[in-house]
Structure formats: C-alpha cells, structure tokens
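Oh and the sequence shown: position 205 is 205 in the UniProt record's numbering, straight run, nothing missing. By construction, the Cβ of each residue, glycine as well, lies at the ideal position given by its N, Cα and C atoms. Below is one structure, written out as structure tokens; comments come after it.
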Amino acid sequence: MSLLSRRDWTYLLSLLVPFLLYDLVLKGYLVVSWPKNLGFTESLGLMRSDLLFSMGYALLWIGLFALAREGLWRRMVTILFHAAKIFVALLATIAYQYFKVTGSTLDFGFILISLSSPGGLTAVVESEVSPGILALLAAVLAYAVLGPFLVTSLVARWRGWADAEGTQTANIPWLHLAGVGLAAYALFSFSLVPGASGSTGAPSKSFSRDALVHVAATAAGAEYGEGSSNLAADSGEPTPEASLRTTGGTERRNVVLVHLESTRAQSMTPYNEDLETAPFLDELAESSLLAERAYAVVPHTTNAMSASNCGISPPLNPWQTASLGDNIPSRCLADLLEEQGYNSVWFTSSVSTFEIERLPELVENLGYEEFYPVETMDTEGFEEANYFGYEDDVMLGPSEEWLEGHKDGPFVATYETIGPHHQYLAPEKRYGREEFDEEDLVNRYLNSLRNQDFFLQNLFEQYKKLGLYEDTVFLLYGDHGEAFGEHGRYQHDNVPYEEGVKIPLLVHDPGRFENGERVEAPVSQLDLLPTVVDLLGYEIEGGAYEGSSILRPLPEERTLMFGCWNESGCLASLEETEKYVYHFGDNPDEIFELSEDPDERRNLAEEWPEEAEERRRELLEWRAEVSSRYGTRAAP
Numbered sequence: 001m002s003l004l005s006r007r008d009w010t011y012l013l014s015l016l017v018p019f020l021l022y023d024l025v026l027k028g029y030l031v032v033s034w035p036k037n038l039g040f041t042e043s044l045g046l047m048r049s050d051l052l053f054s055m056g057y058a059l060l061w062i063g064l065f066a067l068a069r070e071g072l073w074r075r076m077v078t079i080l081f082h083a084a085k086i087f088v089a090l091l092a093t094i095a096y097q098y099f100k101v102t103g104s105t106l107d108f109g110f111i112l113i114s115l116s117s118p119g120g121l122t123a124v125v126e127s128e129v130s131p132g133i134l135a136l137l138a139a140v141l142a143y144a145v146l147g148p149f150l151v152t153s154l155v156a157r158w159r160g161w162a163d164a165e166g167t168q169t170a171n172i173p174w175l176h177l178a179g180v181g182l183a184a185y186a187l188f189s190f191s192l193v194p195g196a197s198g199s200t201g202a203p204s205k206s207f208s209r210d211a212l213v214h215v216a217a218t219a220a221g222a223e224y225g226e227g228s229s230n231l232a233a234d235s236g237e238p239t240p241e242a243s244l245r246t247t248g249g250t251e252r253r254n255v256v257l258v259h260l261e262s263t264r265a266q267s268m269t270p271y272n273e274d275l276e277t278a279p280f281l282d283e284l285a286e287s288s289l290l291a292e293r294a295y296a297v298v299p300h301t302t303n304a305m306s307a308s309n310c311g312i313s314p315p316l317n318p319w320q321t322a323s324l325g326d327n328i329p330s331r332c333l334a335d336l337l338e339e340q341g342y343n344s345v346w347f348t349s350s351v352s353t354f355e356i357e358r359l360p361e362l363v364e365n366l367g368y369e370e371f372y373p374v375e376t377m378d379t380e381g382f383e384e385a386n387y388f389g390y391e392d393d394v395m396l397g398p399s400e401e402w403l404e405g406h407k408d409g410p411f412v413a414t415y416e417t418i419g420p421h422h423q424y425l426a427p428e429k430r431y432g433r434e435e436f437d438e439e440d441l442v443n444r445y446l447n448s449l450r451n452q453d454f455f456l457q458n459l460f461e462q463y464k465k466l467g468l469y470e471d472t473v474f475l476l477y478g479d480h481g482e483a484f485g486e487h488g489r490y491q492h493d494n495v496p497y498e499e500g501v502k503i504p505l506l507v508h509d510p511g512r513f514e515n516g517e518r519v520e521a522p523v524s525q526l527d528l529l530p531t532v533v534d535l536l537g538y539e540i541e542g543g544a545y546e547g548s549s550i551l552r553p554l555p556e557e558r559t560l561m562f563g564c565w566n567e568s569g570c571l572a573s574l575e576e577t578e579k580y581v582y583h584f585g586d587n588p589d590e591i592f593e594l595s596e597d598p599d600e601r602r603n604l605a606e607e608w609p610e611e612a613e614e615r616r617r618e619l620l621e622w623r624a625e626v627s628s629r630y631g632t633r634a635a636p
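Here it is, written out as structure tokens:
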C-alpha cells in the first residue's frame, strides 16, 4: 500500500525541498562568513541540526498527509502545512538577520520581550529591513501560498496524470505511519543536540542548532550549563531603607549626571589618545577625577540607569529589567536628595519608548520629578541620530528653559544621550564628519561619539552662561560599550568583553582636581551613588549600598560582577586584572589576564580550572542573590 499518491508527494516536496534549501543557504552563509577558518567537518557539524530538523519536519508532514487522506481533515492539514512552513521560514529569516546584526543567536526570551514592547521594536525592525529583504520575504510568502499548487498542476499535466490520480484509499497504513512517526521523533530529538565543538573562537553551541529548534529549546528552558535553570530564590535580603544625614561638610550643590549612550572607553580620547573623538572630554579630564578602568554591570541602557542611580546590581534578564517600572528594591539618588530639598529632572534625546514602553514610569521610579523625552522637544532643524532619537543638542533648549526656572537650586539633573546608539547615523550637517576608520559602520559610530562630545561642550557652556557651573558637580559615565565583531559579537547586550562593558567615567567638581586625578583600581557604575553622596558631604544611614565612593581608597581585593542582558547569556567577574567569563556552557569558560592581554585573546581557563570553577560558583551565587531582589523567577 502506498503511503501517499504521486500528487501528494509532488505537493509536499514542492514546498519542503525549496524551503529546506532556503534554510540551509541562510545558515551556510553565516558558517562560511565566520572569521575563523572552519574545516569541512566542523562546518558540517554546524549544519547538522538544521538537516536533522528538516528531515524530521518533512516526515511529520508526510505522516499527517497520510493520516488525513481526504475531506475536511485533509483541507485542515493542508492549510496548517502552508501556515507552518511560512512561520518556519520567517523565523529562519529573522534569526539569520538577528545574528548578522548582533552576533548572537535568537532565543525565545528575546522574542517575547520584543513583542511586549512593540513601540521600540517597530523602529528597530524598520531600520534593518531593506527593500531586498522585503522582496525576498514577499517571494517566500507568495511561493509558500501558491507554489505547491502550481507545481503539482504543471507536473500532473506534464506526466498526464488523471484527475483521480490523487484519490486515496480510505485504508490507513498504520505500520508505515508508526515508522514515520518514530523516525520523525528521533530526528527531532537528535536535532536538539548541538553540533558545535564549543572550542574557543568557534561558533557557539546555540549557533549550531536550527533556529526553530533553539527557540523551542529556550522556551522549554533547556539550557546548557549549570545554574541555567530558573532561580528559585524565594527570599533575599531587601535593600535597607537608606536616607541621607547632613554633616558639618554638607554642601547643597547641584548635581548633573550625563548618561552617555553606547559609549565605550577605548573609543574616547581620554582613553585612546590616537582618536580625536572627544577632545572636549579629554580637556575636561585634565581637571577632573577620571576612572581609568570603569565598568558597566549589565551592558544594557535600562540596567545601567538603575545601577548608576540606585547603587544596587540591576536585573540580569530582560523580564526583571522590564519590571523596573514597577519596583526598584532600593532608594535611588533623586529620591534621597528630594528629602534634602532637591528638585529633579531627566532629559533624553530619545523617544519615551526607548528600550521599554514604560520609560516614563522607570524614570519616575528612579525618583525624578520631571521627565522630558524627545517627543516633548522641538526637533525642527535637528537630524535623526538613529531610530530612537535625534541629535543630543536637541536637549539644550529644554534644559536652558528648565534651568532658568530653577537657578536657586539645589537640583539633580540627568541628561541621557542617544546619538551613539545603533544605527549610528552620525548627523553631519551641524558638525561635519571625520574619517576615523575605513569601515563605514565603525566610522559612523566614532563620528556619533564626536557629535556627543560637542553636546557635552555645549552643555557645560550653558551651565557657565547661566551662572550654575561653579555650584554644580558633574558626573559623566557610559551606560555600556559597543562591539564591532572584536569577539564575533556586535552592539552590546551580550558582550561581556572590554568593548562591551568598559566605559568612560569622570567626576568634574569645579575648583577640585585642578591637576587631574586618576583612579587606577576597577570602578563600577554602582560606585556613582556613593560618590555623589560623598561629593555633597552627606552620609548614608539606615543601610548601605553595594558600591563605594571613588573619592576615597576603594576596598582591597574587591570583585566586580557583570552579566549579559539576555537570560543565561553570560556572567563575568573582574579581580584586579584577572577577568573570568562564564557562558552557561554555550561557549567555553574564559579567563583573561588583562594586564598582559588587554584585547582578551588568550584564554587561560584550561590552565586554571580550579580558578574557573571557583569564579563560576561565586557568579551563580551572585546571580541568585540579585534575582531574589526582583522576583522569585529568572524568567516568566
């Protein structure tokens, strides 16, 4: 007994085979584009999951067509067949584009968090979807809907099949179907097993999975390494209800925080004298306190906002990050200063849907009384800097207007730039453009930093013009860095390497640090709140924060902890100059001695296995502790 008629075989294969080739071409392009030269065996291993899944997927539909042989059930299965194939093809295309842009694999958590913030997602998608991709997707959709019918009709006419050729007997070949089902199950199961070696410099295990298989695995929580399960931290020490106490040295001076978007230290003039991206900041550093080795806690803007303003480790996954608009388990800087009579305001050149659609709620939760996103500003004459906002100079007008009404102070004002964020449009009408790098993407990023430096210069001039400069302390810091393939990754969310987490950090107090001072020890964003409190002469009572004032000697032998934004993306720690990176088994553990290897090229983890094990344990304990503060689960 035949499992399917010739018409059915033609119909199925006319959709399955082209889309199998489509998926393999997308994955194959990424494999052959890998910076490291991959051999045939390794390349085949990276494609294995895709091949196994496609074979299992084909057997699944062969079985379903054999089971639903006629009538309503056949029509329902046929419709489902087309819809499922369209979904799989779209997911493969999205995963391909996501990896090209970020160097990271698409997972279920990222899909859900993106869909929960459609306002911000729409702008990002529009920036990445070229006419060519739209045409490709249109062709894929058209063929998925009409292709099998047209191909089957043409083949039937060519072969002279009678109309009744496709009619099947009502008898179902159950034995054959059982074999098909078992084979499909086995192929699906084996497709879950990563085909990558996991060696340093090679593609990750998650990359070696078929896109749909990996999304499904992450949805089911099937991760790789220890500690990757949901953290059942039912109780954790709440952050104490701290407050400020005046001392004999208390000065009610204004505070300005400048939150520098996507600004990595290595691309700023004070940290790299070969680049003239930030001449004003370089000049300012000559009369400021500069942290030579400052780090973000999580390389994501929202997390940096809470870390720098609230002095506690931010969430280590997107879901708890999104909850910051509801609850932050700490009293933050603006809230503390409000009790001391301070007004507060937050300006940003980005839209209010930047990162999350509840940015206004987050800023309010940080303790700020007033919030001015770019929607509230006059953007006429200003160019778009990226899909999230305009040139940072757009904040100058609203800033001056607000300052004019608050000259008597004291106040705390935060300026959140957006210019250096992807897609790095680097507006050039106002300040022109320099040739910093031969690669266009990097050059546009560096020019975006240059434009940001002009904004800083203009902001300081504004404070001087209004007579506020001398009575204001300024803290400038990067929210995170930015990667351009140095370690195979792009942008920032999942980049634990120096280009992703090492940031500029500078304290400028007019009349102080006249000869310029430097902090050589590692510094964290968590140190910002205690530093501001120290600058103003207050003392914290009723509790303590994680960070320390960088105006004083920092604790000896302290360890800085980092985490990626994506759940189970990475954790990292820094002790003096020794850095450890844990990838939850997706890539090998890494240890770098930064004093000898600042570019993080020589992995010492295999030489120091006991050190790696101890550092991994400490990081997983830290992760559980942080998770307990924000909720009982690491993900929904």
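Other residues of its chain near LEU289: CB distance less than 6 Å, five sequence neighbours each side excluded: For LEU289, where only same-chain residues beyond five positions count, the Cβ hits under 6 Å are VAL507, PHE513 and GLU517.
The segment 484-500 touching the segment 588-608, judged by at least three CB pairs closer than 8 Å: Touching, yes.
ALA183 versus THR41 - alpha carbon distance: Using only the alpha carbons, I get a separation of about 25 Å.
Close beta carbons around LEU141, own chain, < 8 Å, minus the five adjacent residues each side: Counting only Cβ-Cβ distances below 8 Å, and skipping sequence neighbours, we find ILE86.
Assigned secondary structure, ARG157 (DSSP; H/G/I helix, E/B strand, else coil): Assignment of ARG157 by DSSP, reduced to helix, strand and coil, places it in the helix class.
Contact set for GLU251: own chain, Cβ-Cβ below 8 Å, skip 5 residues either direction: LEU536 and GLY537.
Where LYS502 falls: helix, strand or coil (DSSP): LYS502: strand per DSSP, three-state reduction.
Chain-order list of residues whose beta-carbon lies under 8 Å from that of ALA233 (same chain, five-residue window excluded): Note that ALA233 scores a pLDDT of 38, beneath 50, so its modelled location is shaky; the value from the coordinates is reported in the next line. Cβ within range, chain order: ALA624, GLU625, SER627, SER628 and THR632.
GLN491 (DSSP reduced to helix, strand or coil): Strand, per DSSP.
Sub-8 Å separation of HIS82 and SER262 beta-carbons: At least 8 Å separates the beta-carbon of HIS82 from that of SER262.
CB of TYR477 within 8 Å of CB of LEU456, strictly: No. Outside cutoff.
DSSP three-state assignment for ARG450, whether helix, strand or coil: Here ARG450 sits in helix by DSSP.
Secondary structure of GLU607, DSSP reduced to three states: DSSP places GLU607 in coil when its eight states are reduced to three.
As assigned by DSSP and simplified to three states, the class of HIS176: If DSSP states are grouped into helix, strand and coil, HIS176 belongs with the helices.
Buried versus exposed, by CB contacts within 10 Å (16 or more), SER229: Only weak support is given to the placement of SER229: the predicted model assigns it a pLDDT of 40, under 50, and the value that follows is read from those uncertain coordinates. Flag for SER229 reads exposed.
C-alpha distance - LEU529 paired with VAL258, whole-angstrom precision: For LEU529 and VAL258, the distance between alpha carbons rounds to 13 Å.
Among VAL363, GLY160 and ASN443, nearest to PHE371 - alpha-carbon criterion: Answer by Cα proximity: VAL363.
Proximity winner among ARG209, THR78, TRP174 and LEU112, relative to SER43 (alpha-carbon distances): Per the Cα distances, ARG209.
Distance, LYS407 Cα to LYS465 Cα: One Cα belongs to LYS465, the other to LYS407, and the distance between them is close to 12 Å.
Check whether PRO609 and GLY481 have beta carbons under 8 Å apart: Remark: C-beta atoms of PRO609 and GLY481 do not approach each other more closely than 8 Å.
LEU4 versus ALA294, TYR22, VAL32 and ARG74, residue with shortest Cα-Cα distance: Among ALA294, TYR22, VAL32 and ARG74, the Cα nearest to that of LEU4 belongs to ARG74.
Backbone secondary structure at PHE354 - three-state DSSP: DSSP places PHE354 in coil when its eight states are reduced to three.
Extent of the continuous alpha helix (DSSP H) run through ARG430: Looking at the DSSP string, ARG430 is not in any alpha helix (DSSP H), and its letter there is neither H nor E.
Segment limits, alpha helix (DSSP H) that includes GLY109: Here the alpha helix (DSSP H) through GLY109 covers 108-115.
Check whether PHE108 and ALA219 have beta carbons under 8 Å apart: Cβ distance < 8 Å, so PHE108 and ALA219 count as in contact.
Beta-carbon spacing of GLY367, ALA322 below 8 Å: For the pair GLY367 and ALA322, the CB atoms are not nearer than the 8 Å cut-off.
Stretch pair the segment 324-333 + the segment 380-400: three plus CB contacts closer than 8 Å: The segment 324-333 is not in contact with the segment 380-400.
Proximity below 8 Å, CB of SER191 to CB of LEU52: Result yes, Cβ atoms of SER191 and LEU52 sit closer than 8 Å.
Alpha helix (DSSP H) segment containing GLY56, residue limits: GLY56 -> alpha helix (DSSP H) spans 40-67.
Any chain B beta carbon closer than 8 Å to LEU536: No chain B is part of this structure, which consists of one protein chain only.
Reference LEU459; option with closest CA among TYR630, GLU401 and GLY409: That would be GLU401, whose Cα lies nearest to the Cα of LEU459.
Own chain, CB closer than 7 Å to CYS332, minus 5 neighbours either side, in chain order: Listed in chain order, the non-local C-beta contacts of CYS332 below 7 Å within the same chain comprise ASN309, CYS310, LEU366 and GLY367, local neighbours out to five positions each way being set aside.
Buried or exposed (CB count within 10 angstroms, at least 16 for buried), LYS27: LYS27 comes out buried.
Cut-off 6 Å between Cβ atoms - residues of its own chain near SER559, not counting five sequence neighbours on either side: In the sequence under discussion, the amino acid at residue 559 is Thr, which differs from the Ser named in the question. Result list for THR559: SER573 and GLU575, in chain order.
Beta-carbon spacing of LEU59, LEU187 below 8 Å: The answer is yes: Cβ separation under 8 Å.
Residue(s) in a DSSP beta bridge with HIS508: DSSP, once it has assigned bridges, lists PHE474 as partnering HIS508.
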